[in-house]
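Top line first, the protein sequences correspond to chains U and E.
At position 143 of the first sequence the residue is numbered 143 (the working numbering), and the sequence of numbers has no breaks.
At position 15 of the second sequence the residue is numbered 15 (the working numbering), and the sequence of numbers has no breaks.
All residues carry an ideal CB built from backbone N, CA and C; glycine is no exception.
There are 2 protein chains.
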Amino acid sequence: MVTAYDVAKRAGVSMGTVSRYLTGNGYVGESTRARIASAVDELGYIPNRAAASLTTKNTGLLGFVVSDLRNPFTAEIASALSRNARLHGYGLVLADSMNDAAISVEAVESMRAHGVDGLIVTPPESPELNEALRRAAAVTPIVGIGLRTDPMVTDLVSSDTRTGARDAVTHLLELGHRRICFIGSNSMASGRYRGYEDALTQAGIAVNSELVVLGDLNRSAGYQALLQVMTLDDPPTAVFTANDAVALGVIQAAHSVHLDVPSDLSVVGYDDVDLAAHSVPPLTTVAQPMAAMGQAAVELLVKRLQGSDRDAGPEQIVLPVQLIVRHSTGPAMDRKH
Amino acid sequence: MVTAYDVAKRAGVSMGTVSRYLTGNGYVGESTRARIASAVDELGYIPNRAAASLTTKNTGLLGFVVSDLRNPFTAEIASALSRNARLHGYGLVLADSMNDAAISVEAVESMRAHGVDGLIVTPPESPELNEALRRAAAVTPIVGIGLRTDPMVTDLVSSDTRTGARDAVTHLLELGHRRICFIGSNSMASGRYRGYEDALTQAGIAVNSELVVLGDLNRSAGYQALLQVMTLDDPPTAVFTANDAVALGVIQAAHSVHLDVPSDLSVVGYDDVDLAAHSVPPLTTVAQPMAAMGQAAVELLVKRLQGSDRDAGPEQIVLPVQLIVRHSTGPAMDRKH
DNA sequence: CTCCTATGTGTAACCGATTCCACATGGAAC
DNA sequence: GTTCCATGTGGAATCGGTTACACATAGGAG
């Protein structure tokens, strides 16, 4: 293992000088600089950041606790984080919590032990995790991505879900749909539900609770939900779902009862997962700016770490989403015949 | 920042004792142990691993340089790595090279600086990267996943591609297909091509070079390739592709010329990406054991780090793959009418 | 009743860097 | 010709742990 001492000896200078050369703090003469430089690459010296962190108090690592890496959505964010961390000279420590609160807590603690300079989190919210984050926040800035974190820890990056949902439903309204079903998660407080409400209200349509189905957000939940609403006397002509998995389940269910999408039923998803573009028919959905979110998270963190505003108040960045119209939506058909 | 010294003071013992308590090396009396334990959690003490690494020479971090995290295949491996690293008490440092050799090299160097105890890599092979890995290998064990690395650095985890390909083609043969097309990457040395060859040879069929199309491995390449082979006098009745993207392109092309899959043409992919299960028709494909590969990689690394066989020769683990029969394959039709 | 070993604890050196302080030099300012 | 400041360098303390070593104490073997 080559150390700064070896470099110093070879260059015929003191360790102090080598360190000044490496960090760029303090003066180093021209010729000395050259001698150190050649010593460094003759020896293949790589500075030990752990040792450096002892005095500088920063490791050059950012931590990322992610809810589920197998979700393409989070994988894309992770990719963007890795890229942007690198661009700012940071490494990325990653932990996949697999939607388990206990693992998230363990991960946050582990990252603290490793001395990450900042933390980025997207995991499921839970009291224990919030507690762990609060403790961590005392020593390190934390950026949440897409969390609704009530006791907001530090900064927050999210996308404008509510507007995205509103746009999606407005798109359906513009196609002439009036009976529009919402299939979503349990929280009526979610941006997706609120956007649905907004659009209907704006169009002067009252929310019909028969057409709102809340539950899990997966394929089979979507499948079940659609079959259920189709038994109504006056079934919906369009469905807006809280995510693409649900939407795909809806389409599958529609086919199973011989409804054509989009001529009999229009469907809009949310997230624009990879699958969405390749489903049959290709899914109209709302895309979140994942790369931009990853970038914003890193930049927020770096600003706190290097900028003067270490103690500025919590910041929230809300990025715009984009409605992507494919072929799962079409004009409302007239059912009155 | 709470240090071991604070804990020692509070528990009324020396730092040496605290350290022995934390590491479990050496004797600590029963009552002392208890006093330290309560001091630790009253103060919320978290040991600084960077400091510890200075003397112990290990950081408890594993590095993972990945070719492209947005690829579900690698995301799944990353997830498995994170999980298994955690189970063994390690953290995971991740870098997405985005298939860029220069970034890979930078990542390897960065990880060395951060003192990772072991390295796992899946990135594109390149001379510069191999050189960087060789340098890193001097201080840290390296496990490659799915690489064909000629100058093999340390250990290797891969899946039995050749057998998987053979099984896939054998499946087609058993359905009665005789003219089977292979669409793959440029390397005829690839396991996928060799497995194709194996199966045909075993069935006593000579490889027909007209039916072998080499090129890029993406959707549009598959699309083009199929249109090309269908212009032959005696076109194939089945296609085996080197990955699912190509297979989906093939199916799309088949539809575009009004061929039904599987009744007119059988198609087998490779990788079992998420999309494969949901294409129309659902794709018969070969699944790699990604979670198992991640697990094997970590275990290989941990064995070298903690086991006695630090300097054992390079090890190769080849995991079995699985043919997943869905609905894109069916009996060969008789074209002789 | 010694002697030895197992158990338990404190002291201090050390890991690999950073940084403060002291000390040198040289030219510019007066 | 001093004084001063900018430039350049070495030495030593320091960060937060780990561990080798020295030193106790106690119980069991002889």
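SER82 (chain U) reaches chain E at LEU69, LEU94, ALA95, ASP96, counting residues in chain order whose Cβ is nearer than 8 Å.
Within 10 angstroms of the beta-carbon of ASP234 (chain U) lie fewer than 16 other beta-carbons, which makes it exposed. The segment 265–273 of chain E makes contact with the segment 312–329 of chain E: 3 or more CB pairs, one atom from each, lie closer than 8 Å. The beta-carbon of GLU76 (chain U) is placed less than 9 Å from the nearest beta-carbon of chain E. Secondary structure of ALA189 (chain U) (DSSP, three-state): coil.
In this chain, ASP96 (chain E) is not harboured by any alpha helix (DSSP H); it is covered by the beta strand (DSSP E) spanning 91–96.
With contacts defined as CB atoms closer than 9 Å, LEU81 (chain E) and LEU62 (chain E) qualify as a contacting pair.
Among the CB atoms of chain U, none fall inside 9 Å of the CB of ASP271 (chain E). For SER279 (chain U), the neighbours in chain E by C-beta distance under 8 Å run, in chain order, HIS278. Using a Cβ distance threshold of 9 Å, LEU217 (chain U) and ALA242 (chain U) count as a contacting pair. Under the three-state reduction of DSSP, GLN252 (chain U) is assigned to helix.
LEU283 (chain E) sits in coil when the DSSP states are folded into three classes, being neither helix nor strand.
Here the C-alpha atom of PRO124 (chain U) lies approximately 14 Å from the C-alpha atom of GLU106 (chain U).
Beta bridge pairing from DSSP links ASP155 (chain E) with E:VAL143. Shown here, GLN316 (chain E) sits in a strand according to DSSP, grouped into three states. Beta-bridge analysis with DSSP links ALA238 (chain E) to E:ILE180, E:SER266. Separation of TYR193 (chain E) and VAL239 (chain E) (C-alpha to C-alpha, rounded to the nearest whole angstrom) is 12 Å. With contacts defined as CB atoms closer than 9 Å, LEU147 (chain U) and VAL121 (chain U) qualify as a contacting pair. Under a criterion of Cβ atoms nearer than 8 Å, the residues of chain E adjacent to GLY115 (chain U) are, in order, ASN48, ARG49, ALA50.
Residue-level contact check: GLU109 (chain E) touches chain U, since one or more beta carbons of chain U fall below 9 Å from its beta carbon. Along the length of the segment 72–127 of chain U, whole beta strand (DSSP E) runs at least 3 residues long occupy 91–96, 118–121, reported in chain order. In the three-state DSSP reduction, GLN288 (chain U) falls in the coil class, being neither helix nor strand. GLU109 (chain U) has its alpha-carbon roughly 29 Å from the corresponding atom of SER187 (chain U).
Counting along the chain, ILE324 (chain U) sits inside the beta strand (DSSP E) bounded by residues 322–324.
If you draw a 10 Å sphere on the C-beta of THR140 (chain E), you find 16 or more other C-beta atoms in it, and that means buried. As DSSP reads the structure, VAL40 (chain E) sits in no beta bridge. Between PRO262 (chain U) and chain E, the shortest Cβ-Cβ separation is not below 9 Å.
With its beta carbon less than 9 Å from one in chain U, SER53 (chain E) belongs to the interface. The alpha-carbon separation between LEU211 (chain E) and CYS181 (chain E) amounts to approximately 5 Å. Proximity of GLU106 (chain E) to chain U, defined by a Cβ-Cβ separation below 9 Å, is satisfied. Counting along the chain, the unbroken beta strand (DSSP E) around GLY63 (chain U) starts and ends at 61–66. Approximately 14 Å separates the beta-carbon atoms of VAL229 (chain E) and TYR196 (chain E); this is outside 8 Å, ruling out the contact. If you ignore the 5 residues before and after ARG33 (chain U), its C-beta comes within less than 8 Å of the C-beta of TYR21, all in its own chain and listed in chain order. One Cα belongs to ALA332 (chain E), the other to GLN252 (chain E), and the distance between them is close to 19 Å. Residue pairing by DSSP places VAL207 (chain U) opposite no residue, since no beta bridge is assigned to it. Following the DSSP letters along the chain, one finds LEU227 (chain E) inside the alpha helix (DSSP H) bounded by residues 219–229.
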